[in-house]
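Everything below concerns the one structure shown next.
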Amino acid sequence: MKFVGQGMSPAKHLKDLRQEDFDRLLDWLAADREAAGVIYEKIRWRLVAILAARGCLVPEEIADETIDRVARRVRDIQDSYEGDKAIYFLGVMNNVHHEYLRRPALPHLVEPEQNVESKEQTHLCLDRCLDKLAPYSRQLIEKYYTENKQAKIDLRKRIARELGIKSTTLRLRALRIREKLQTCIQHCLEVSEARP
Amino acid sequence: MENRQNHSHQFSDDSIRRFLLGRLQGREQTLFEEQLFINGDLEVRLRLAEFELADDYAFKRLTESETKAFRERYLLTTDRNQKLNVSQAIRDRFLTEPVAEIKPTVYQRLRPWFDLRRPAWRYAFATLILVLILGTVFLVTKESRIVRRIWPDRFKPAPHASPTPQMMNHSPGSSSPVHDEPSPPAVPHESPLDVSLTAASSIDQAPVITLPVGENAVVRFQLLIKDGAQGVYRADLLTTSGETLFSAGSLKPLGAKPASISFDVPAKALKNGQNQIRLTRTDDPARQESSQYYFRVQ
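So the protein sequences, as listed, match chains D and B.
Residue numbers for the first sequence follow our numbering, beginning at 489 and rising by one.
Residue numbers for the second sequence follow our numbering, beginning at 127 and rising by one.
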């Protein structure tokens with residue numbers, strides 16, 4: 489986990505987040521450490537989504553800097569703060585984002601294209617993860633992605649009719665399976681990278 | 127809190143997609159951000175929408191502007207890039223037909239034609255300017271002909287008691303060039319009846335004229351005067367009883383051998399029977415002698 493935003497101003501670099509501050513933050517979010525971890529990830533994901541929507545080129549860095557600042561303030565606010573704790577992050581994020589906007593603009597670094605080897609590995613992991621799906625889910629996802637354009641619309645209507653569900657429900661089911669696939673493939677890729 | 131949570135239902139799937147593409151504006155963006163932090167349902171929808179957007183990009187279902195926004199506002203995190211990689215793998219795995227490029231819209235197809243930077247437009251404008259210049263030159267040099275062609279020959283009004291145009295505008299000794307332009311063909315009923323009279327004519331020897339028919343009929347009298355006569359004359363058309371039927375002034379002689387004075391009289395001004403024209407010089411009080419010209423109308 490990165491505790492210091494690398495793109496921050498020099499003054500910010502001096503303020504390394506201490507482990508005790510981070511632990512205090514998790515305790516403040518939830519008494520149960522695992523639940524606190526889930527809340528922490530959700531907050532971070534939301535911060536990143538908002539910053540990206542605002543056009544911030546380094547949303548992950550700004551989100552991490554926001555969390556760092558909140559962690560440092562928890563000692564002062566934990567006894568007096570009332571209300572939704574997640575909202576507090578939003579307020580701090582606005583300040584950090586304003587500071588970011590005042591900095592000289594950095595060139596946008598485009599994520600490099602996936603290389604052939606990495607692509608092949610992703611395809612392998614996809615096949616493995618598809619095999620792990622329940623037959624119903626696999627059948628649904630295969631049908632869901634088979635056609636494109638108008639044929640896709642017609643096909644999805646037909647699948648929904650066959651399953652006796654609405655098109656919106658079909659879409660949600662398919663996307664949830666897609667989410668599972670993503671998690672599975674990420675895990676698969678991490679494992680394959682870890683292998684010698 | 128309750129009120130805030132109720133707002134979450136305002137966000138449609140389209141709003142969520144616009145948020146992901148950075149297309150929400152002002153208050154809508156602020157409200158969305160607040161709701162995202164307090165409403166778990168909106169967060170779940172947003173997470174699923176991320177997958178769907180990545181899929182649509184991989185399957186080339188986005189428009190040109192959406193594709194641009196996707197690259198600039200969506201592909202900003204490692205997590206999202208990994209989602210796109212999986213979307214592309216799913217596309218390669220399941221799609222039965224190759225993904226075609228997005229067909230450009232009608233606007234996109236036509237836009238290049240209206241790009242004024244194209245050389246074709248430059249040539250077109252240059253040609254247009256050249257045509258305009260040539261047209262202007264043509265109009266300036268040929269205007270009189272064109273005007274005449276455009277405007278039809280009007281009905282010529284009947285000549286009134288005035289000297290003929292030639293008399294009015296050209297002195298006998300004038301060296302100005304003769305206007306050679308052919309006159310348009312006269313309408314039959316406008317042709318004047320030419321009557322030539324001499325001062326020597328007595329009442330008994332007066333010529334007999336038949337008046338032309340028509341509302342605008344004209345009789346053109348040509349009064350012969352003695353050679354070399356000059357000056358300005360006045361002609362009075364009288365009946366034998368002395369009633370003045372018509373008068374014309376500022377008349378000048380034309381020609382030399384013999385000189386004559388010409389003027390037009392509306393036919394309807396004349397009366398049947400004996401008539402006379404009294405011609406009097408008006409420019410020289412010392413030479414105000416009059417000449418009489420007789421004719422009979424039947």
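From the three backbone atoms N, C-alpha and C, an ideal C-beta is built for every residue, glycine too.
Note that the structure is predicted; figures quoted are calculated from it, not measured.
Item: Interface partners of D/K530 on chain B, CB under 9 Å; Value: G166, E169
Item: Candidates B/L405, B/N398, B/G399, of which the one nearest B/F389 by Cα; Value: B/L405
Item: Positions along the segment 568–581 of chain D whose CB lies within less than 7 Å of some CB in chain B; Value: D572, A574, I575, L578
Item: CB of B/L350 within 9 Å of CB of B/S373, strictly; Value: no
Item: Three-pair Cβ contact test at 8 Å for the segment 580–588 of chain D versus the segment 614–621 of chain D; Value: no
Item: Member of D/P592, D/A551, D/R534, D/T610 whose CA lies at the smallest distance from the CA of D/S680; Value: D/T610
Item: For B/F372: DSSP bridge partner residues; Value: B/L363
Item: Segment contact, 8 Å Cβ cut-off, at least three pairs: the segment 148–167 of chain B with the segment 644–660 of chain D; Value: no
Item: Straight-line Cα distance separating D/K631 from B/R187; Value: 18 Å
Item: Residue closest to B/P392, alpha-carbon to alpha-carbon, out of B/Q402, B/L371, B/S141; Value: B/L371
Item: Residue from B/A180, B/T193, B/L147, B/E198 whose Cα sits closest to the Cα of B/I216; Value: B/A180
Item: Contact under 9 Å by Cβ, B/A361 with B/P379; Value: no
Item: CB contact check: D/Q674 to chain B, cutoff 9 Å; Value: yes
Item: Exposure of B/A412, with buried meaning 16 or more beta-carbon neighbours within 10 Å; Value: exposed
Item: Assigned secondary structure, D/Y569 (DSSP; H/G/I helix, E/B strand, else coil); Value: coil
Item: Three-state class that DSSP yields for D/Y528 in the structure shown; Value: helix
Item: Contact list for the segment 612–639 of chain D against chain B, Cβ threshold 7 Å; Value: L614, E630, Y633, T634, N636
Item: Under 7 Å by beta carbon: chain B residues contacting D/R534; Value: L162, F163, E169
Item: DSSP three-state assignment for B/S138, whether helix, strand or coil; Value: coil
Item: Classification of D/W516 by the beta-carbon crowding that lies within 10 angstroms, buried from 16 upward; Value: buried
Item: Residue from D/D619, D/A541, D/I647, D/L514 with nearest C-alpha to D/A574; Value: D/L514
Item: DSSP-derived helix/strand/coil call for D/S680; Value: helix
Item: Against chain D: residues of the segment 182–206 of chain B by CB proximity under 9 Å; Value: F185, K186, R187, R197, E198, R199, Y200, L201, L202, T203, T204, D205, R206
Item: Nonlocal neighbours in the same chain, by C-beta distance under 7 Å from B/Q414, ignoring five residues either side; Value: T406, R407
Item: Straight-line gap, B/N207 to B/L201 (C-alpha atoms, nearest Å); Value: 6 Å
Item: At least 3 beta-carbon pairs within less than 8 Å: the segment 537–546 of chain D vs the segment 145–152 of chain B; Value: yes
Item: Sequence-distant residues of its chain with Cβ nearer than 8 Å to D/I647 (five each side left out); Value: L628, K631, Y632, L658
Item: Simplified DSSP state of B/G207, which is helix, strand or coil; Value: A small correction: the amino acid at residue 207 of chain B is Asn; Gly does not occupy that position in the sequence shown. If DSSP states are grouped into helix, strand and coil, B/N207 belongs with the helices.
Item: Burial state of B/R199, where buried means 16 or more other Cβ atoms lie within 10 Å; Value: buried
Item: Check whether D/L663 and B/F177 have beta carbons under 9 Å apart; Value: yes
Item: Closest Cα partner of B/T336 within the set B/D410, B/L150, B/T204, B/L396; Value: B/L396
Item: Sub-9 Å separation of B/L319 and B/I403 beta-carbons; Value: no
Item: Sub-9 Å separation of B/A195 and B/Q214 beta-carbons; Value: no
Item: Cross-strand partners of B/A180 (DSSP beta bridge); Value: Answer is none; B/A180 lacks a bridge partner.
Item: Member of B/F347, B/R346, B/V212, B/G381 whose CA lies at the smallest distance from the CA of D/Q674; Value: B/V212
Item: Interface partners of D/K557 on chain B, CB under 9 Å; Value: Just to set this straight, residue 557 of chain D is Arg in the shown sequence, not Lys. Going along chain B, no residue has its Cβ under 9 Å from D/R557, so there is no contact; the nearest lies around 16 Å.
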